[in-house]
Each structure stands twice: as structure tokens, then as C-alpha cells.
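Visitor: Below: one structure in C-alpha cells.
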Amino acid sequence: MEQKRAEVIEKIKKAKRIVVKVGSLLLAGEGTGIFNELANEVNSLRRSGKEIVIVSSGSIAMGMKKIGSKDHPTTIPERQAAAALGQTALMAGYENAFANFDIDVAQVLLTNDDLADRRRFLNAKNTLCMLISHGVVPVINENDTVAVDEIKFGDNDNLAARTAQLIEADLCVLMSADVDGFYNKDPKKYDDAERVSFIEDIDDFDLDTESTDTNLYGTGGVASKISSARIAAHSGAITIALKGGGKDFITSIFSGQIDGTVIAPKEDRLTSKKHWIAYSSTPNGKVTVDEGGKSALVEGNKSLLPSGVADVEGNFEAGEVIHCLDKKGFEFARGMVNYSSKELEVIKGLKSVEIEGKLGYKVSDEVIHRDNLVVL
Ligand code: GLU
């Protein structure tokens, strides 16, 4: 464990592409101090060859400040209006502070829907990589104006982890004013709660996640940070959850002084495409897989063949991502399907050699190829 931790700390020091998530409360205070500190630190990190992408909350907080409201907006239109009003102030804060160092910032607003569509996902990736290669610092936020529940990331911790996956970042820093890491139990309830400084395998991390506390402005909390760390870990990025603010609060990370929780990346990182299938896509249908098919997928690392498909549900086209359920209705895998639901109705249960005879053509032997399939 100690050795693994030391290895991860070394990787942090060498991390090149870094996503920094800045929480609302950090930005909601008076003045421009935090923006200036961020600009100063990003400037020195860039001088040492690092590429920084900021995921910034704070539009709702800024919007409330603009209209002098202290009451948290509760309805969706109120939140959306506050976000629209505050987003310009938020960007002005970044733009002015970064201009002192001759650094351009670019606003990128995303919804979950954007990343669920493979083509838009790739477009967003290209845009961000282009900005980075031109030395611009992208400042990403959720497009709150259009994001209703079904297409919401949930919170900016999740958005940060998904951004880390999108741009294949080495490190994802989740910085907030009130969560200084993960504890073995809820520190607000238990005096003897201890902070966990290093998590080797986030999938095995068993934590009392009843604490979903959040603050007045943001939506994140401990549980959301844990699930975000899981997403980042599976894409091969290290996550650090810590309290932000103060002098050198980002740069100190790279000297190995980390006052928070470090989460190691998974060794068997998913390929970018598989990660997209597992975490970003919105599955649009289901197949029920029989026992033999399930064990071929889970234990044999094989593809899903028509013979393993017992049932088809929903209306989907070839190329879409679907859920794979077992006979008990438990989703055990997800994958990009080679046949539409209509075609699958015809070929389910058949051997691959029988496909052509039934359909009059054959797209492929597999219903889902193992390269496009993720066991959950
Ligand atoms: N997008 C929201 C905002 O800019 C914040 C969401 C979050 O912090 O999770 O205010």
C-alpha cells in the first residue's frame, strides 16, 4: 500500500494534463482574490509544461450575487435564470485575472446529452484538444440553461471526471471549500472519523456514503465525489479530493504535499471507447442474455452472439448502446450493438451461420463485439 501510494504521488508530480474542478463556494466569496490566485498558479504550472483545464461551478452563486439574493433558487427556471445571469460574471472573473498573465480563457458549456452522443463527444474532445494546443485554458461548466434532469451531469464533480475521460487527463483535482477528502465515516456525525489519505482501489472502497451533504450553491457532496473518482479511475486518471483556497493551493499538489484524499487509477483502464460506452452513453434498449451467453461474456471475455440472446426490448438501431441483462433482470454489461432491435427479434437464439439465411444478409457474426462491450 505504501509503495503504491509513493508510485501514485510520483505520477502526480509528473502529471501533464490536469482537470481542476473549482466548487461554487470557493468562488462565491467577495472580491477577485480566488480568480487571481488561480491565474497565478495556472500560469506557473503552464510554465512547467502542464496543461490545465478548469471545470468551474459558480454561475448560480454569481447570478444570486448579481441580483442581491440570499435565498437559494429552488425551482429549475430560477436556477437556470441565475446561472445564465451569473455565467458572464464568472467568465469575466476568469478573463480579467488570466489576462494579467496574457493567458486566454475559453468558455465551454456542456450537457450530459452532448457527451452521450458519440459524434458530439468526439467534437467536444476535438474542440478542447484544439484549445489546449493553442495554449488557451478552457473553462467548462454545465450548460444549465438547457439542462433538465434527464440530461444533467448531476453535478460538476461528475462533469470534471467525464472531462478527464474526454481529454484523457492524467489527473482530476476535485477542489471545494467544504470537502477536504474522504473519511472512513461521516465526520459531521462521528468525532472519531478519520480521513483516508490514499485509496488504492476505489471499487473496493466501502464507505458510509450516507453523507450527501452539499452546500448552498453547488450540488456535489461526498457521495458524488466518490462516484466521480470511480469514473476518473476507470479512465486511467488519478483523482485528488481536497479543500481549495489559500496560497499555492494547486501548485503544492505537485510537490507531493496533498492535504486530502488521493485515489489511484485502475490498472486495467478501459479504452476511451469502452469508457464512453460504460459511463457517457445513454443506452437505448435491452437484451436479455441466457446463462451460457452471460458466462461467455463475463468469464470468457467473449462477444455476444445471437445464440445468447433470449429477449429483446425497446426500439434501437445498429450502432446504439444497449443494456445486457441476465435472466433475473440484472444489468451485467453494456455494449454497442451491430443489429437493430427489429433484426435481433428475427435472429435471437440462432447460430451465427444462420443469420444470413434468416435476414438475407449478415452484418457480423456478433451481436455485440467484445471490443465494444463492457462488463459492469
Ligand atoms: N453548474 C452549477 C453552477 O455553475 C454548479 C453545479 C455544481 O457545483 O455541481 O452554479
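Numbering of the sequence shown is given in our numbering, commencing with residue 1197 and proceeding in unit increments. By construction, the Cβ of each residue, glycine as well, lies at the ideal position given by its N, Cα and C atoms.
#1: How should Met1197 be labelled, buried or exposed, when 16 other C-beta atoms within 10 angstroms of its C-beta is the threshold for buried?
#2: Tell me which same chain residues have a C-beta within less than 6 Å of the C-beta of Gly1414, skipping the five on either side of it?
#3: Where does Gln1453 sit, in a helix, a strand or coil, going by DSSP?
#4: Tell me where the beta strand (DSSP E) around Lys1544 begins and ends.
#5: Is any non-hydrogen atom of ligand 1 found closer than 7 Å to the C-beta of Ala1514, if you look at the structure I gave you?
#6: For the segment 1301-1335, which segments carrying the alpha helix (DSSP H) assignment without a break, of at least 4 residues, lie completely within its bounds, in sequence order?
#7: Please classify Gly1229 as buried or exposed, where buried requires at least 16 other C-beta atoms within 10 Å of its C-beta.
#8: When every heavy atom of ligand 1 is checked, does at least one fall within less than 7 Å of the C-beta of Ala1577?
#9: Answer yes or no: the CB of Ile1256 versus the heavy atoms of ligand 1, is any distance below 7 Å?
#10: Can you give me the C-alpha to C-alpha distance between Val1168 and Ala1429, rounded to a whole angstrom?
#11: Taking the alpha-carbon positions, what's the Glu1237 to Ile1427 distance?
#12: Please report the distance separating the alpha-carbon of Thr1271 from that of Asn1511.
#13: Given that a residue counts as buried once 16 or more other Cβ atoms are within 10 Å of its Cβ, and exposed if not, what is His1471?
#14: Just the Cα atoms here: how many angstroms apart are Asp1486 and Gly1496?
#15: Is Glu1198 near ligand 1, going by C-beta to nearest heavy atom under 7 Å?
#16: So does the segment 1313-1328 actually touch the segment 1376-1394, counting three or more Cβ pairs closer than 8 Å?
#17: Within 7 Å: the Cβ of Asn1308 and any heavy atom of ligand 1?
#18: Can you tell me whether Glu1203 is buried or exposed? The criterion is at least 16 other CB atoms within 10 Å of its CB, across all chains shown.
#19: Around the Cβ of Leu1412, are there at least 16 other Cβ atoms within 10 angstroms (buried) or fewer (exposed)?
Guide: Let me lay it out:
#1: exposed
#2: Confidence is the limiting factor: at Gly1414 the pLDDT is only 45, short of 50, which leaves the residue's position unreliable, though a coordinate-based value still follows. Excluding positions up to five away in sequence, the list reads Gly1219, Ser1220 and Ser1253.
#3: coil
#4: Premise fails: Lys1544 is in no beta strand (DSSP E) and is neither H nor E.
#5: no
#6: Within the segment 1301-1335, the complete alpha helix (DSSP H) runs of at least 4 residues are 1308-1312 and 1314-1329.
#7: exposed
#8: Within the shown structure, residues of the chain are numbered from 1197 to 1572, placing residue 1577 beyond reach of any answer.
#9: yes
#10: The first residue shown for the chain is 1197 and the last is 1572, placing residue 1168 beyond what the model contains.
#11: 26 Å
#12: Distance from the CA of Thr1271 to the CA of Asn1511, rounded to the nearest whole angstrom, comes to 33 Å.
#13: buried
#14: Looking at the two C-alpha atoms, the distance is approximately 14 Å.
#15: no
#16: no
#17: no
#18: When all chains shown are included, Glu1203 counts as exposed.
#19: Residue placement at Leu1412 is flagged as unreliable, the pLDDT there being 44, under the threshold of 50; the coordinate-derived value follows with that caveat. Leu1412 comes out exposed.
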